[in-house]
Each structure stands twice: as structure tokens, then as C-alpha cells.
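Read the structure below first, then the notes.
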Amino acid sequence: MAQPESAAVTAEPRAEPGSGAGERHQRPGAARYGIVFWLAVAWLVIIGCCAAFAQWLPVGDPEEINVRDMLLAPSAEHLLGTDGTGRDVFARLVHGARVSVVVSLAAVAFGMLVGGTLGIMAGFFRGRFETVVMAVVDVILAFPGLVLLLALVAYVGQSLTAIALVIGFLSIPIYARVARANTLSVAEREFVLAARAMGAKRRRLLVSEVAPNVVLPLLAYALVATGVIIILEGSLAFLGLSVQPPTPTWGSMIAEGKRHLDTDPHVAAFPAVVMFLTVLSLNLVGDRLRNRFDVREANV
Amino acid sequence: MRALRSKLQRLVFTVLAVSFLTFMLTSLLPGDPARQILGGQATPEALAAVRDDLGLDEPLPLRYLEWLGNAVTGDLGRSYQTGQPVTEAILERAPVTLQLGVMAIGLALLLAVPLGVLSAYRAGGAIDRTITGGTFALLSIPNFMMAILSIYAFSVYFDWFPATGWSRLTEEPLDSLRSAFLPALSLAAVNIAVFTRLLRSDMIATLQQDYVTMAEAKGISTSRILLRHALRPSSFSLLTVAGIQFGIVISSSVVVEQIFAVPGVGRLLYDAILQRDLMMVQGVVLIVAIAYILINFCVDAVYTYLDPRIRHGTT
Chain A
2 MAQPESAAVT AEPRAEPGSG AGERHQRPGA ARYGIVFWLA VAWLVIIGCC
52 AAFAQWLPVG DPEEINVRDM LLAPSAEHLL GTDGTGRDVF ARLVHGARVS
102 VVVSLAAVAF GMLVGGTLGI MAGFFRGRFE TVVMAVVDVI LAFPGLVLLL
152 ALVAYVGQSL TAIALVIGFL SIPIYARVAR ANTLSVAERE FVLAARAMGA
202 KRRRLLVSEV APNVVLPLLA YALVATGVII ILEGSLAFLG LSVQPPTPTW
252 GSMIAEGKRH LDTDPHVAAF PAVVMFLTVL SLNLVGDRLR NRFDVREANV
Chain B
171 MRALRSKLQR LVFTVLAVSF LTFMLTSLLP GDPARQILGG QATPEALAAV
221 RDDLGLDEPL PLRYLEWLGN AVTGDLGRSY QTGQPVTEAI LERAPVTLQL
271 GVMAIGLALL LAVPLGVLSA YRAGGAIDRT ITGGTFALLS IPNFMMAILS
321 IYAFSVYFDW FPATGWSRLT EEPLDSLRSA FLPALSLAAV NIAVFTRLLR
371 SDMIATLQQD YVTMAEAKGI STSRILLRHA LRPSSFSLLT VAGIQFGIVI
421 SSSVVVEQIF AVPGVGRLLY DAILQRDLMM VQGVVLIVAI AYILINFCVD
471 AVYTYLDPRI RHGTT
């Protein structure tokens, strides 16, 4: 489950064909990213493993209610204590990672696939196709995202798939914009010109010259977007509009903890910290990689 | 002028497209609206009555035109739960959300301007790195988490501000500011980070300009250079972004209004969604979306008008 994060990282030091102009002259290597970067990567890998292997990890049952043990402080038996109905907070955190990871990965994959394809094609073929795609993109972006998300989720339903698809659908326009902006600048590069001069067909130009150079910046962008999606899902869960109980999610755990804020703040604090660290890590890693790939937001 | 006209055309197109999408949202998605309103055990007669009442059996384009025509005259239908006209409900709650938005952006600017100036002035130093790191962390805190944190800090730990409740600005101005403080702070947090980062990078660029060096050579005091020579040109892009963020804040205050039990538009939307109140959802989404578009349009227009580089088409 952690593959996309680590894949983006391991794919990173590969030499980019055609780079050079305007890039900072730094050798690819581990040292340059610094310890914070690798800590963030490690945290993301841990979260990914929790999501993938939750039921095999020795963490106990996240849904077992035990009223006698409610609101216990952290101890050897309950590492992070228990919540208002005596459920183990640590077990719920580990299992709750699943919803966040599944929703964000599915949404990112869906949004990036559809939006990226549309954006690359719009930027490559230009003309009427581009006009139509970008007009639709502008209209969807004209909506305030959270409002549209709430309205859609209310009607489509609150299953894991529905939420992932709705969030993925809403992120299509952003990917389309990023992909188009990158395609526009890549299409001007010398190696594309050279391929064209050698008589490459448009299809070949698109698939093997332009697209590979747009995918990497898009992936770096997707990492930051994953953080945003985790926050969005958290907000939905907090409002009780995400996956329904008893399935644990970080957002619903924070909402539950809010009730015991005055006596037992740890119930809300642990999921909040985990969520914060995850989003922070995604932002950190995404930010570094985005600098590396030099996606200028001004172009978007 | 020509630029303005094409912008206006775009605006009209976008608003129409948004209204169409909003309408489709509640009409095309799976599920019979009548059944959603009445619940699972409704009799066929009751369902038919509701369908007839809402005009659900008429063809879709006709319904859209009718709805749009009514919307233009300010009639967005009635809530199916309370019978209150949708427009009235929105107007009643709009001032609350606007107040929250203004306070949030104001609070964010108040904190971000000194932080940004300090950060740019000491660029690369320890203070700058602390501020930059802090803003980076702030960007990773969702507003509901900020809300919980501020309730814990300012309401549970120090009993300074109320955690829930709301007083109207027109009735009890001081109480209103007090009750709005924590929600506004929660909404402001992310914007503090956005503004500080923007101001920092903008001012670092400005401070490298020749005229700043010139001012330094003339012996003008540092604070004067920072505030008059560097902050002024940078405040321009700051205000633009503040405008855009204002649109985002008022449209995303749903969660925060829910936490603090603030009777604003976001809460109205949330309740309407929970109660499957179709007309209300449709109306609120439409109004919020149009407000959002209009704010962005105004920001864009003001920006174009004020910045001579864009006004004359040379960038």
C-alpha cells in the first residue's frame, strides 16, 4: 500500500531526459534531501504498512467495546489509552489508517489518470479539444470544493468507493491544469522538436516523448494532493459523512475525542497528531520533489 | 475595456454553467428525491404527491428553466422540512458567515504581516527558519483540528472564550466578537501560513531591488525602508490573495460552524444535507458558488485595474 510514495521516491534520482536548462546544478543523491525528508518518508511507509497489514498486526480489535475500560490513560495494556466506549485508541489508529490511505490512493489514482490524460491531450493537441476541456475544468474549479464535495457525498452515499471516486472526480480539474501546463512547456523542448524533425508520428511524440516527462512532475504534485485529500476525508469523517461506524477513521476518532476534551484530551490528541504528521510528511516530501521537478505554479 | 467585456462574458458563462451543474446535482444523481425526502416507508400516494409538488415528473430542461427563472427573481423555493423560503433562510444566515470570514482574514493578516516582514528582513536566519518551518506545519493542520486545539487551549484550559454559542453582531457587538473569536481563529490558521509565505517571498524579491539599495545608501532607517519601500508594493499581491482566500474561507466554514454551533450558511447546508432537504441544498450550493465566483471576479477586476502592468497588457 505504501508503494506509490516510495515508488515516487525511488524513481526520483533517475536522470531526467532533456532537463538542464534553468535547473539548479545539484547532483542527485541522498545527502541533499536531509534527515527530515527521510524521516517523513519513513513515517509514510509506516502508515502505509499499517493500512496494508492492519488485521495481521498485533494491535487488538479496533471495534471491541468495553465500557468498563472507558477513557483509560495510556498504559502497557492500552498503549494510547481507550476512548469513550473503551475501544483501544492505538488499534483504532492503525486500522483507521486504512480508510485514509485507501481513499487518498484511489482518489489520486483516479484523478491523476483521468485529469492527467485530459491535460496532456489538451496541451498536446491544442485547438478546440483544449478549449472545451479547459472550459469544463474552469467551471468545476469555480465551485467551492468542500461545498461540492459535501453535496455530492450526501447523494452518492458514504461507502469507501463512493467517497474515493467523488474526491477523485473533484480533483480531475487540478491534474488537468498541471498536466496541460507541463505539456505546453515540454512540447516546446528541443528533443520533441528533434523527434518531430526525424519524422515521428504524433502518437509516438505524445506517448514516448511528451507524456513521460509530464508524469514525474504530476506525481510530485500528487503527493501534496494526497495530503489535501486526507484532510478532506478527515473533514467528512469529522462531520460524520465519511465511512460509517463502526469502521474507525482518524476524522471520526477526533470527533469522538472532542466530547471528552475537558477530561481526557488524549482521545482527540492522538488521532490529531497522527493525521497532522501524515499530512506534514506528504507536504514535505511533495514539496522537495516538486522543487526538484521545477513545476512552476505560475504556469498552472 | 475589451478585456473587461470578455471577462464579463466569461463570468456569465460560468454562472450559468454552475447553476446548471447545481441543478443537475440534485436531479440526475441516483435515488428518487421524493423517496429521499419521505424515507423508506412512504406510501405510493405520498410519493406521488411530493413528486407532483416538486414538479419532478416534468421533463428536465423545462424544470431547469423554471428553476432558473425563479432563481433570477430571488425565489429558490421552500425548504421541504420547515417550509421557510430558501432565500430567506440564506439571507438570515449570510451575515454570520460573512462576519466569520472577515474576522478570519483580518486576524490572519494581523498576524501574518509582522511575521512575513520579519521573516523577509532576516531571510535565511534563525528567526526566518523558525517562522518558515512554523508556517509549513500550519499548512498541514486542517481547520477542524485547529478548532479542537483552540477549544482546548482557550476554552477548556484557559476559560477565556466560549466554545459554542453565538451572539448577533447587531444585538450584542462585544459578545458577538467574543463568540466569533475561536471559530475565526480556526479559519485563520491556514491563512496565516499562506499570507506569511507569500509576503516573505514577495518582500525578499523587493528588498533586492535597486531602489531599496538606494534608500539604504541615503541612510533611511531600516523600519522605514521595510514598511514604506518594501511592504507597500508587496501588500498588493497580499490583498489579492486575501480576497481569494476570503472566498475559500466563507465557502469552507461548514466544518468550523458545525463544531462551534455557529448559525451560519455552512451549518444551514450541513443540516439540509442531513435532512435531505433538496431545495435547500440546491439553493445554498448555488448561492455559495455564485458568491465564490463573484468574489474571485472582483479580485481579478480590481487587480487588473490597479496593476498598470496588466492594465496595459505588458507583463
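Chains A and B, in that order, give the protein sequences.
Just so you know, the working numbering puts 48 at position 47 of the first sequence, and the rest follows in order with no gaps.
Just so you know, the working numbering puts 229 at position 59 of the second sequence, and the rest follows in order with no gaps.
Ideal Cβ positions, reconstructed from N, Cα and C, are used throughout, including at glycine.
Do I164/A and G112/A come within 8 Å of each other at the CB atom, strictly closer than that value?
No. Outside cutoff.
Measuring alpha carbon to alpha carbon, tell me which residue in R398/B, A375/B, M373/B and I374/B is nearest A385/B.
Among R398/B, A375/B, M373/B and I374/B, the Cα nearest to that of A385/B belongs to R398/B.
Buried or exposed for L150/A, going by 16 or more other Cβ atoms inside 10 Å?
The C-beta of L150/A has 16 or more other C-beta atoms within 10 Å across all chains shown, which makes the residue buried.
Can you pull the chain B neighbours of A269/A, defined as C-beta to C-beta under 7 Å?
Going along chain B in sequence order, the residues near A269/A (Cβ under 7 Å) are I318.
Can you have a look at V133/A and say buried or exposed, based on whether 16 or more other CB atoms are within 10 angstroms of its CB?
With fewer than 16 Cβ atoms within 10 Å of its Cβ, V133/A is classed as exposed.
Listed in chain order, which residues of the region 229 to 241 of chain A have Cβ atoms closer than 8 Å to some Cβ of chain B?
Answer set for the region 229 to 241 of chain A: I232, G235, S236, F239 and L240.
Closest Cβ-Cβ distance between M315/B and chain A: below 8 Å?
Chain A contact via Cβ: present.
Alpha carbon to alpha carbon, how far is E210/A from V135/A? Give it in angstroms, no decimals.
It should be pointed out that residue 135/A corresponds to Met in this sequence rather than to Val. C-alpha separation (whole angstroms): 23 Å.
Along the region 246 to 266 of chain A, what residues have a CB closer than 7 Å to any CB found in chain B?
Within the region 246 to 266 of chain A, the residues whose Cβ lies closer than 7 Å to some Cβ of chain B are I255, K259, L262, D263 and P266, listed in chain order.
Just confirm the distance between the C-beta atoms of L161/A and V103/A, as a whole number of angstroms; I'd bet it's less than 8 Å.
At roughly 6 Å, the Cβ-Cβ gap stays under 8 Å, so L161/A and V103/A are in contact.
Name the chain A residues that come within less than 9 Å of F306/B, Cβ to Cβ?
Here the neighbours are L281, N284, L285 and D288.
Interface residues of chain B around R144/A at Cβ under 7 Å?
Residue identity differs from the one stated: residue 144/A is Phe in this sequence, not Arg. The answer, in chain order, is V188 and A459.
Within the 8 Å Cβ cut-off, does A152/A reach chain B?
Yes, A152/A lies at the interface with chain B (some Cβ there is under 8 Å from its Cβ).
With 8 Å set as the bound, which would you pick, yes or no: does the beta-carbon of S310/B sit closer than that to a beta-carbon of chain A?
Among the residues facing chain A, S310/B is included, as its CB has a counterpart in that chain under 8 Å away.
Closest residue to A55/A among A41/A, L40/A and L94/A (Cα-Cα distance):
Nearest option by C-alpha distance: L94/A.
DSSP state of D89/A, grouped into three classes?
Here D89/A sits in strand by DSSP.
Which class does T118/A belong to by DSSP, given the choice of helix, strand or coil?
If DSSP states are grouped into helix, strand and coil, T118/A belongs with the helices.
Ordered along the chain, which non-local residues of its own chain (more than five positions away) have a Cβ less than 7 Å from that of M273/B?
A350 and A354, listed in sequence order.
For M254/A and V426/B, what's the separation of their Cα atoms in angstroms?
Their backbone Cα atoms lie some 17 Å apart in a straight line.
In three-state DSSP terms, what is T264/A?
It is coil, neither helix nor strand.
Exposure of W336/B, with buried meaning 16 or more beta-carbon neighbours within 10 Å:
W336/B is buried by the Cβ-count criterion.
Put R248/B into one of helix, strand or coil per three-state DSSP.
In the structure shown, R248/B sits in a strand (DSSP, three-state: E or B).
For T83/A, list the residues DSSP reports as bridge partners.
Beta-bridge analysis with DSSP links T83/A to D89/A.
Quick one: what does DSSP say P255/B is sitting in, helix, strand or coil?
Looking at P255/B - three-state DSSP - the assignment turns out to be strand.
Determine contact between the region 329 to 343 of chain B and the region 287 to 306 of chain B, defined as no fewer than three beta-carbon pairs at a distance below 8 Å.
Verdict: no, contact absent.
Please state whether the Cβ-Cβ distance between L281/A and S393/B is less than 8 Å.
By the CB criterion at 8 Å, L281/A and S393/B fall outside the cutoff.
Closest Cβ-Cβ distance between F277/A and chain B: below 8 Å?
With 8 Å as the cut-off, F277/A counts as an interface residue toward chain B.
Whole-angstrom distance between G235/A and V42/A, CA atom to CA atom:
The straight-line gap from Cα to Cα measures roughly 21 Å.
Which full runs of the alpha helix (DSSP H) of 4+ residues lie inside the region 226 to 274 of chain A, going along the chain?
You should have 251 to 259.
Among residues of its own chain, excluding the 5 on either side of L368/B, which ones have a beta-carbon nearer than 8 Å to its beta-carbon?
Counting only Cβ-Cβ distances below 8 Å, and skipping sequence neighbours, we find G286, S407, L408 and V411.
Which residues in the same chain have their Cβ closer than 8 Å to the Cβ of V147/A, if we skip the five residues on either side of it in sequence?
Reading the sequence as shown, one finds Leu at residue 147/A and not Val. Taken in chain order, the residues that qualify are L233 and S236.
Mind reading off the beta-carbon distance from L352/B to S325/B? Whole number of angstroms is fine, and I expect it under 8 Å.
The beta-carbon distance between L352/B and S325/B, rounded to whole angstroms, is 7 Å. This is short enough to meet the 8 Å contact definition.
Beta carbon of N546/B nearer than 8 Å to that of Q415/B:
Since the first residue of chain B shown is 171 and the last is 485, residue 546/B is not available in this structure.
Return helix, strand or coil for D227/B, following the three-state DSSP convention.
It is coil, neither helix nor strand.
Would you please verify whether the beta carbon of L191/B is less than 8 Å from any beta carbon of chain A?
By this cut-off, L191/B is an interface position.
Write down the C-beta distance between T267/B and I420/B rounded to the nearest angstrom, noting that I regard them as a contact closer than 8 Å.
5 Å between Cβ atoms; contact.
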